[in-house]
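Down below is the structure, laid out as structure tokens.
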Amino acid sequence: MNFQKKIALIGCTGSIGRQVLDVVRAHRDAFSLSALVCGGRRERLLPLAEEFSPRICVAADSYRGTMDALFEGCDVAFIAAGGFAGLAYTLAAIRAGKTVLLANKESLVAGGEIVMGEAEKRGVEIVPVDSEHSAIFQALHFDRRAKFSRLVLTASGGPFLRKTKEEMALVTPKEALAHPTWKMGKKVTVDSATLLNKGYEVIEAKWLYGADFSQIDAVVHPESIVHSLVYFEDGAALAQLGYPDMRVPIQLALTYPERLPCAPRLDLEKIGELHFLRLPAEKFPCYTLARQAGEVGNIFPCALNAAAEEAVEAFLAGRITLPQIAETIEGVLAKTRKGEVTFAGLLDADRRARTLAQDMLYGK
Ligand code: MG
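The opening residue of the sequence shown carries number 2 in my numbering; numbering runs sequentially from there.
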């Protein structure tokens with residue numbers, strides 16, 4: 002099989018970026034890299050430049066060229082940058098007319114309306130990489146516009162599923178970073194512990210699949226083997242199963258509808274049992290806050306995300322407790338007013354929300 006895809010990889014030293022590079026290493030005949038951009042861990046960049054010989058290899062904060070230049074000569078843009086910073090790259094890749102393989106969920110959480118609008122206008126495809134949305138994509142036969150009646154996202158429940166509200170006020174950053182099934186970057190791991198991540202994924206699903214919020218549910222599935230389900234009009238449901246391994250959705254985003262060898266085959270007899278239970282939203286206010294901000298729309302999901310990025314940083318630094326992440330988000334949203342949904346408007350909303358969050362976290 003010969004895809005010969007040239008990839009511009011944004012966020013090449015993070016958790017997802019490193020796994021993209023593993024996929025490229027495993028299929029050198031199929032993939033090459035035209036650009037490598039890193040946010041942090043720049044000491045890893047030079048060895049990668051030597052290994053993959055991309056046309057451009059830069060650390061984001063010292064890059065002085067145009068965004069467009071990053072996507073020249075690539076076939077696909079893999080956006081694996083973390084946080085709100087990923088949105089500018091996603092929009093630049095769309096403007097350059099490149100297929101976007103989207104692992105940056107904040108692009109859709111904060112900027113879903115403009116990202117999907119621009120992509121539609123330019124006929125650019127947005128390919129999901131998040132494991133839940135990849136599962137849905139697979140169940141819909143790689144057609145984001147296919148008909149369905151319901152989407153059900155599975156959630157591991159994170160490390161604190163069985164803790165009481167009171168116990169959650171005592172958890173440490175180290176405990177929050179010990180995810181039971183997935184190995185991920187720090188921000189998304191904390192977001193998985195508060196279930197903010199699942200709220201984000203509801204918003205992602207809305208934009209990717211044109212679903213109404215009333216059509217999107219989440220169910221707790223501690224084993225993380227069923228990666229999500231799609232229900233159809235006749236009552237049938239299709240799911241995608243596999244071990245929790247991001248290389249599968251990463252590779253599939255590059256090769257679909259074809260598949261290449263990637264991960265160990267699922268051994269159901271060894272797994273034995275799978276469990277599904279109601280998501281206890283009352284213990285995880287971040288999940289509901291994200292859903293509500295998503296339903297209000299406008300710049301509110303962007304403000305929610307900015308507040309969350311600031312609050313999670315403060316939690317990881319030991320300044321606030323886990324429940325205070327939700328309190329910070331709620332406080333910021335209460336002071337947020339409607340704004341203009343343009344890139345400039347979102348930048349402004351992001352900045353304002355961060356200032357509000359910092360005032361709450363560090364005092365004026
Ligand atoms: Mg996910």
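Ideal Cβ placement from N, Cα and C applies to all residues, glycine included. Note that this is a predicted model, so its numbers are computed, not measured.
For E202, count the other beta carbons within 10 Å of its own beta carbon; 16 or more makes it buried, fewer makes it exposed. Which is it?
Around the Cβ of E202, a 10 Å sphere holds 16 or more other Cβ atoms; the residue is buried.
Closest to E51 by CA distance: which of Y64, V227, L34 and R151 is it?
L34
Round the Cβ separation of A307 and S229 to the nearest angstrom and send it over; I've been treating them as touching at under 8 Å.
The Cβ separation is near 27 Å, so there is no contact.
Which residue comes first and which comes last in the alpha helix (DSSP H) that contains I300?
I300 -> no alpha helix (DSSP H), and no H or E assigned at all.
Rounded straight-line distance, which links the Cα of V189 to that of L109
15 Å
Do I272 and E314 have their CB atoms nearer than 8 Å?
no
Looking at A354 and T337, is the spacing between their C-beta atoms short of 8 Å?
yes
Burial state of R292, where buried means 16 or more other Cβ atoms lie within 10 Å:
buried
With 16 other Cβ atoms within 10 Å as the buried cut-off, status of G15
That one is buried.
When you compare each of G159, M169, G186 and G200 to H180 by their alpha carbons, which one comes out closest?
G159
Just to check my reading of the structure: F72 and K99 have Cβ atoms closer than 8 Å, yes? What is that Cβ distance to the nearest angstrom?
Right, their Cβ atoms sit about 5 Å apart.
Start-to-end residues for the alpha helix (DSSP H) that takes in Y244:
It is not in any alpha helix (DSSP H) - Y244 carries neither H nor E in the DSSP assignment.
For P129, which beta-bridge partners are listed by DSSP?
L103
Does the segment 29-44 touch the segment 66-81, meaning 3 or more C-beta pairs lie closer than 8 Å?
yes
Under the criterion of a Cβ to heavy atom distance below 7 Å, does D218 qualify as lining the ligand MG?
Proximity of the beta carbon of D218 to the ligand MG is not indicated: no heavy atom of the ligand is located closer than 7 Å.
Three-state secondary structure (DSSP) of S229
strand
If we count Cβ pairs, one from each stretch, closer than 8 Å, do we get three or more for the segment 44-60 versus the segment 116-132?
no
Pop quiz: R260 and L267 are said to be a contact at Cβ under 8 Å. What is the actual Cβ separation, rounded to whole angstroms?
So it is not a contact: roughly 14 Å between Cβ atoms.
Who are the near neighbours of H28 in its chain, counting only those whose CB is closer than 7 Å to its CB and skipping five residues on each side?
L261
Any non-hydrogen atom of the ligand MG within 7 Å of E107 CB:
no
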